[in-house]
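Chemist: Before I ask anything, here is the structure I am working with.
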């Protein structure tokens with residue numbers, strides 16, 4: 121389907137502390153996304169701002185971003201699905217263009233997590249679950265994914281070393297990514313020796329909070345063909361949810377929302393897992409990348425470990441995954457993450473990747489998850 | 002007793018489900034089912050979205066269950082710093098009820114494994130708080 125395209129992508133440097141205001145942070149991503157396009161801010165018909173509001177000091181940031189980028193009087197609004205906010209924004213942008221309402225839409229994702237003290241951030245993290253039934257027990261993001269890891273180990277014999285291999289791979293690519301928070305290679309021993317956060321997950325099994333922004337410029341086909349050299353087409357979109365509560369989950373060895381979203385995206389694109397040349401998956405923890413291999417159909421349930429053990433998910437393997445370093449290296453500025461994943465795939469399909477270019481990549485996939493699998497978005501892009 | 006007394010840190014004061022706490026005080030872990038369609042819920046719902054009905058009945062989660070998965074949390078969020086390490090788990094009980102909660106400190110970490118037999122019982126917490134926890138069956 122050649123009707124809606126991504127014409128520009130950008131992101132700021134992701135860092136533990138960015139040292140600038142939210143609007144200035146967003147400008148970095150916007151500038152990179154607009155760079156080289158034959159259009160200006162006056163040509164943008166609407167903007168969608170994406171973040172997780174509990175981390176923002178600024179109320180209603182869409183108005184602020186719209187003013188700073190000089191997008192007024194065009195419509196601006198806010199979209200949220202925690203960690204998957206900016207691919208939800210992309211989904212909305214697609215519908216606005218597909219419907220004929222708009223021709224060019226900017227999706228701006230951001231999070232400045234350093235605006236809060238770590239104590240304030242920890243308090244908010246505890247409320248990312250059902251606050252009535254599950255937060256009072258002290259559930260956290262790592263503990264949610266840790267329960268999936270433990271279940272995967274019990275069901276399939278997955279080991280902590282196999283999980284650590286995911287971090288070793290992603291740290292290797294992260295070391296080459298100038299926009300990543302962590303640009304350092306790690307060994308299996310480094311990962312295994314890091315402090316336990318929630319068994320079986322350790323510090324290096326986890327991504328870090330970060331400041332960062334991302335921007336995706338989406339356009340209709342007629343505009344896209346005229347204003348950019350290589351439009352990247354949105355071939356498939358999938359979105360699904362699962363319960364907020366852990367007790368509501370039917371499966372604890374895979375994310376049902378990701379499985380549903382993948383099915384929808386493959387069906388819409390008329391493609392299957394074997395057609396994907398390069399993928400960005402939501403590796404907020406090492407176990408999350410392993411679950412993604414299986415939920416996306418790159419491996420059968422329980423067999424995802426083979427892909428990492430045989431290095432099939434390295435850039436020169438059969439199914440390259442997170443060859444920009446992933447969330448594990450880049451850091452995870454919640455609202456910006458999905459846009460950063462989309463940026464990496466667009467650059468791969470344009471053969472502009474600097475960390476590791478996958479040879480002849482024509483079809484790419486983005487898997488972006490909100491919470492511990494409460495929200496799941498899968499996007500398939502094509503050159 | 003209002004919902005602010007549930008668990009270590011509660012964020013909810015008002016709920017139609019506050020009888021849950023009175024039942025805990027009486028030594029029972031209860032949940033609800035819709036009187037009209039018979040669907041049972043955990044955590045308890047006081048409204049059935051399928052029937053658009055709010056006629057629910059409480060029943061006790063009894064008998065032995067099975068631990069599905071667990072994790073020992075070493076870094077707790079704000080308000081839980083002094084409690085870490087603590088163990089969270091998910092258990093399956095009769096009638097297809099899946100329950101999330103803490104595993105009792107009485108259970109040795111080395112004894113905890115997926116598939117172990119558990120029961121769910123009320124537990125009193127410091128400061129007049131109350132919750133439930135999993136114990137070895």
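Protein chains in written order, with my numbering: chain Z, 121 to 503; chain E, 2 to 138. Every residue, glycine too, gets a C-beta built ideally from N, C-alpha and C.
(1) Less than 7 Å between CB atoms is the rule here; does residue 261 (chain Z) satisfy it with respect to chain E?
(2) Check for me: the beta strand (DSSP E) holding residue 357 (chain Z) runs from which residue to which?
(3) Could you please tell me which residues of the stretch 304 to 334 of chain Z, in chain order, have their CB closer than 9 Å to any CB of chain E?
(4) Would you verify that the beta carbon of residue 99 (chain E) is, or is not, closer than 7 Å to some beta carbon of chain Z?
(5) Cβ atoms of residue 79 (chain E) and residue 239 (chain Z): under 7 Å apart, would you say?
(6) Return the chain-ordered ranges of every alpha helix (DSSP H) run that is complete within the stretch 217 to 274 of chain Z and spans a minimum of 4 residues.
(7) Considering just the uninterrupted stretch of the beta strand (DSSP E) at residue 132 (chain E), what are its terminal residues?
(8) Tell whether a beta-carbon distance below 7 Å holds between residue 451 (chain Z) and residue 301 (chain Z).
(9) Considering residue 409 (chain Z), what are the terminal residues of the alpha helix (DSSP H) in which it resides?
(10) Would you give the residue range spanned by the alpha helix (DSSP H) that residue 488 (chain Z) belongs to?
(11) Report the three-state DSSP secondary structure of residue 327 (chain Z) (helix, strand or coil).
(12) On the DSSP bridge list, what partners appear for residue 497 (chain Z)?
(13) Provide the residue(s) that pair with residue 93 (chain E) in DSSP beta bridges, ordered along the chain.
(14) Could you tell me the boundaries of the alpha helix (DSSP H) in which residue 312 (chain Z) lies?
(15) Using CA atoms only, rank isn't needed, just tell me which of Z:448, Z:447, Z:428 and Z:319 is closest to residue 440 (chain Z).
(16) Grab me the residues of residue 37 (chain E)'s own chain with a C-beta within less than 6 Å of its C-beta, minus the 5 sequence neighbours each way, in chain order.
(17) Identify whether residue 131 (chain Z) lies in helix, strand or coil by the three-state DSSP scheme.
(18) Just to make sure I have the definition right: I need the residues of chain E whose C-beta is within less than 7 Å of the C-beta of residue 254 (chain Z). Which are they?
(19) Can you tell me whether residue 380 (chain Z) is helix, strand or coil according to DSSP?
(20) Could you tell me which residues DSSP pairs with residue 168 (chain Z) in its beta bridges?
(21) By DSSP, does residue 110 (chain E) sit in helix, in strand, or in coil?
(22) Tell me which residue opens and which closes the beta strand (DSSP E) that residue 443 (chain Z) is part of.
(23) Got a sec: is the Cβ-Cβ distance from residue 235 (chain Z) to anything in chain E below 7 Å?
(24) Would you list the residues sitting across from residue 121 (chain E) in a DSSP beta bridge?
(25) Please identify the residue among Z:422, Z:403 and Z:123 whose C-alpha is closest to the C-alpha of residue 278 (chain Z).
(26) Quick check on DSSP: helix, strand or coil for residue 31 (chain E)?
(27) Just the chain Z side, please: which residues come within less than 9 Å of residue 131 (chain E) by C-beta, in chain order?
(28) Are the beta-carbon atoms of residue 153 (chain Z) and residue 183 (chain Z) separated by less than 7 Å?
Modeler: Inspection of the coordinates gives the following:
(1) no
(2) If you look at residue 357 (chain Z), you'll find it in the beta strand (DSSP E) that goes 352 to 361.
(3) Residues passing the 9 Å Cβ filter: 315, 316, 317, 318, 319, 320 and 321.
(4) yes
(5) yes
(6) 238 to 246
(7) 130 to 137
(8) yes
(9) 406 to 415
(10) Unbroken run through residue 488 (chain Z) is the beta strand (DSSP E), 483 to 490; no alpha helix (DSSP H).
(11) coil
(12) Z:359 and Z:488
(13) E:67 and E:99
(14) 308 to 313
(15) Z:428
(16) 52 and 54
(17) Residue 131 (chain Z) falls in the strand class under three-state DSSP.
(18) 101
(19) helix
(20) Z:197 and Z:227
(21) helix
(22) Taken as a continuous stretch (DSSP letters only), residue 443 (chain Z) belongs to no beta strand (DSSP E), as it is neither H nor E.
(23) Taking 7 Å as the CB threshold, residue 235 (chain Z) stays off the interface with chain E.
(24) Within the DSSP secondary-structure output, residue 121 (chain E) pairs in a beta bridge with E:135.
(25) Ranking the options by Cα distance to residue 278 (chain Z), first place goes to Z:422.
(26) Strand at residue 31 (chain E).
(27) The CB of residue 131 (chain E) never comes closer than 9 Å to any CB in chain Z; the least such distance is about 10 Å.
(28) no
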